[in-house]
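K.L.:
Pasting a structure here, questions to come.
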Amino acid sequence: MRIPVSGATLACEVFGSGEPVVFAHGFPIPGLMWHHAAARLPPGFRGIVPDLRGHRESTVSPSLDISTFTGDLIELLDTLAPGRPAIFVGLSMGGMICMDVWRRHASRVRAMVLCNTRPTPESPEGVTRRHTVARLALEKGSAAVVDTMIPQVFSPTFETARKAWWRDQMAATSNVTIAAAALALSRREDSVPLLPTITCPTHLVAGEHDAITPPTILEDMHRRIPGSTLVQILGSGHVPPVEQPDLFSTTLNAFLQSLA
Ligand code: MLT
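The sequence shown: position 6 = 828 (this note's numbering), numbered continuously.
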């Protein structure tokens, strides 16, 4: 389905019925990365899986901020589950968006699952790297950026054919979106001071071989978020719902069922 939000239309898949679970994908991998997990939610949960602004069929915007995605998710929820808080599940950039949802709309958050993400703002070297990525995307296209990312995103043992398929999904993201999202990541706010204020049930997921957001980052978040739980997905790189989908669904569903 397609859902209008301020200044854009979002493509969105919905799975099941019940308490809303909103999934926010990473950069620049589309909502498809969540389909396996969303299709296997326990009874009583409704998976809402948008392609964030600029991805796949969702409207491309030449300029983005993390707060743009946050506002879009809240408007999406206003349409699909008006007045209801939701469980927010986000990976990497999607996790940063979930933290921003907590920053701006905590009353809408029933619980969070923060996967393979980090709370810190971009370092000065990181800002320079993001500008290089944005330039590369605009000058050479999406595939040029994605091909530099793949060895970092997936673990060395991830099956070649599946890796190639996901590489193509990522490379199909508009180069304008890759540039805009890279710059949005470079400007993200510092969420470290936010972590001790997170009072909703929060589950953290790390990937054993994640080269982008190594498990130590999630361990530190776990120490800072009161009452949070942490699991490490063995045999996975940066995207456990893609590399180890069954292990990911097991931990997600156990957390959801613990909320009852
Ligand atoms: C993501 O998966 O969202 C990206 O790897 C985030 C990043 O580039 O830091």
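We treat Cβ as the ideally placed atom computed from N, Cα and C, and that holds for glycine.
(1) Please go through the segment 834–870 and give each complete beta strand (DSSP E) segment of 3 or more residues, from N-terminal end onward.
(2) Would a C-beta distance cut-off of 8 Å place Met918 and Pro1063 closer than the cut-off?
(3) Following the continuous alpha helix (DSSP H) through Ser948, name the residue where it begins and the one where it ends.
(4) With DSSP run on the structure shown, which of helix, strand or coil describes Leu1056?
(5) Considering just the uninterrupted stretch of the beta strand (DSSP E) at Met992, what are its terminal residues?
(6) Nearest by alpha-carbon distance to Arg878: which of Thr831, Val1014, Gln1066 is it?
(7) Based on the DSSP output, what are the partners of Ile909 in its beta bridges?
(8) Compare the beta carbon distance of Pro943 and Arg1010 with 8 Å and say whether it is the shorter of the two.
(9) Is any heavy atom of the ligand MLT found at a distance shorter than 7 Å from the C-beta of Ser1050?
(10) Is Met915 near the ligand MLT, going by C-beta to nearest heavy atom under 7 Å?
(11) Let me know if Met823 comes out buried or exposed under the rule of 16 or more other beta-carbons within 10 Å of its beta-carbon.
(12) Rank Glu1030, Ile1039, Val998, Arg989 by C-alpha distance to the C-alpha of Ser1013 and give the top, closest one.
(13) Looking at the strands, I want to know which residues DSSP matches up with His1025.
(14) Using the C-alpha atoms, what's the distance from Asn1075 back to Ile1055?
(15) Quick check: is any heavy atom of the ligand MLT less than 7 Å from the C-beta of Ile1034?
(16) Suppose contacts are defined by Cβ-Cβ distances below 8 Å. Is Ala1006 in contact with Leu895 by that definition?
(17) Using the C-alpha atoms, what's the distance from Gly916 back to Ser839?
(18) Considering only their Cβ atoms, is the gap separating Met1043 from Pro907 smaller than 8 Å?
(19) Please confirm whether Val949 and Ile1000 have their CB atoms less than 8 Å apart.
(20) May I ask you to verify whether the segment 951–961 touches the segment 986–994, counting CB pairs closer than 8 Å and requiring at least 3?
(21) Of the residues Gly905, Ser828, Gly893, which one's Cα is nearest the Cα of Glu841?
(22) Is the beta carbon of Leu936 within less than 7 Å of some heavy atom of the ligand MLT?
(23) What does the alpha-carbon distance come out to for the pair Ser996 and Leu874?
(24) Cβ atoms of Val935 and His1025: under 8 Å apart, would you say?
(25) Give the range of the alpha helix (DSSP H) segment to which Arg1045 is assigned.
(26) Would you check if the distance between the CB atom of Phe910 and the CB atom of Ala846 is smaller than 8 Å?
P.N.:
Reading off the structure:
(1) You should have 840–846.
(2) Against the sequence shown, residue 918 aligns to sequence position 96. Against the sequence shown, residue 1063 aligns to sequence position 241. Contact: no.
(3) Taking the first residue of the sequence shown as position 1, residue 948 is located at position 126. Residue 948 is actually Gly in this sequence, not Ser. Where Gly948 is concerned, the enclosing alpha helix (DSSP H) starts and stops at 946–962.
(4) As a working mapping, residue 1056 is identified with position 234 in the sequence shown. Note: Leu1056 maps to coil in three-state DSSP.
(5) As a working note, residue 992 is residue 170 in the sequence shown. Looking at the DSSP string, Met992 is not in any beta strand (DSSP E); the run it does join, the alpha helix (DSSP H), is 982–993.
(6) Indexing the sequence shown from 1 puts residue 878 at position 56. Proximity to Arg878 across Thr831, Val1014, Gln1066 peaks at Thr831, based on C-alpha coordinates.
(7) The count along the sequence shown starts at 1 and reaches residue 909 at position 87. Residue pairing by DSSP places Ile909 opposite Val843, Ala933 in a beta bridge.
(8) Position 121 of the sequence shown, counted from the start, is the residue given in the question as residue 943. Position 188 of the sequence shown, counted from the start, is the residue given in the question as residue 1010. Yes, they are a contact pair.
(9) In the sequence shown, counting from the first residue as 1, residue 1050 sits at position 228. Because no heavy atom of the ligand MLT lies under 7 Å away, the Cβ of Ser1050 does not count as near it: no.
(10) Along the sequence shown, read from residue 1 onward, the residue named residue 915 stands at position 93. Yes, the beta carbon of Met915 sits closer than 7 Å to at least one heavy atom of the ligand MLT.
(11) Along the sequence shown, read from residue 1 onward, the residue named residue 823 stands at position 1. It is exposed - the Cβ of Met823 has fewer than 16 other Cβ atoms within 10 Å.
(12) By 1-based counting over the sequence shown, the position of residue 1013 is 191. Between Ser1013 and the set Glu1030, Ile1039, Val998, Arg989, the nearest pair of CA atoms involves Ile1039.
(13) Working through the sequence shown from its first residue, we reach residue 1025 at position 203. Per DSSP, Val935, Thr1051.
(14) For the purposes of this step, residue 1055 is identified with residue 233 of the sequence shown, where counting begins at 1. For the purposes of this step, residue 1075 is identified with residue 253 of the sequence shown, where counting begins at 1. Here the alpha carbon of Ile1055 sits roughly 14 Å from the alpha carbon of Asn1075.
(15) Locating residue 1034 in the sequence shown gives position 212, where the first residue counts as 1. Checking the 7 Å criterion, the Cβ of Ile1034 is within range of a heavy atom belonging to the ligand MLT.
(16) Within the sequence shown, the letter at position 184 stands for residue 1006. Within the sequence shown, the letter at position 73 stands for residue 895. Cβ atoms of Ala1006 and Leu895: not closer than 8 Å.
(17) As a working note, residue 839 is residue 17 in the sequence shown. As a working note, residue 916 is residue 94 in the sequence shown. Their backbone Cα atoms lie some 22 Å apart in a straight line.
(18) The count along the sequence shown starts at 1 and reaches residue 907 at position 85. The count along the sequence shown starts at 1 and reaches residue 1043 at position 221. A distance of 8 Å or more separates the beta carbons of Pro907 and Met1043.
(19) Mapped onto the sequence shown, residue 949 falls at position 127. Mapped onto the sequence shown, residue 1000 falls at position 178. When the beta-carbon positions are compared, Val949 and Ile1000 stay at least 8 Å from each other.
(20) Contact between the segment 951–961 and the segment 986–994 is absent, because fewer than three Cβ pairs lie under 8 Å.
(21) In the sequence shown, counting from the first residue as 1, residue 841 sits at position 19. The alpha carbon of Glu841 has as its nearest neighbour, out of Gly905, Ser828, Gly893, the alpha carbon of Gly905.
(22) Numbered from its first residue, the sequence shown carries residue 936 at position 114. Not a single heavy atom of the ligand MLT lies less than 7 Å from the C-beta of Leu936.
(23) For the purposes of this step, residue 996 is taken as residue 174 along the sequence shown, with counting starting at 1. For the purposes of this step, residue 874 is taken as residue 52 along the sequence shown, with counting starting at 1. Taking the straight line from one Cα to the other gives about 12 Å.
(24) Taking the first residue of the sequence shown as position 1, residue 1025 is located at position 203. Taking the first residue of the sequence shown as position 1, residue 935 is located at position 113. The answer is yes: Cβ separation under 8 Å.
(25) The residue given as residue 1045 occupies position 223 in the sequence shown. Annotation: the continuous alpha helix (DSSP H) that includes Arg1045 extends over 1037–1046.
(26) Your numbering for residue 910 matches position 88 in the sequence shown. Your numbering for residue 846 matches position 24 in the sequence shown. Yes. Within cutoff.
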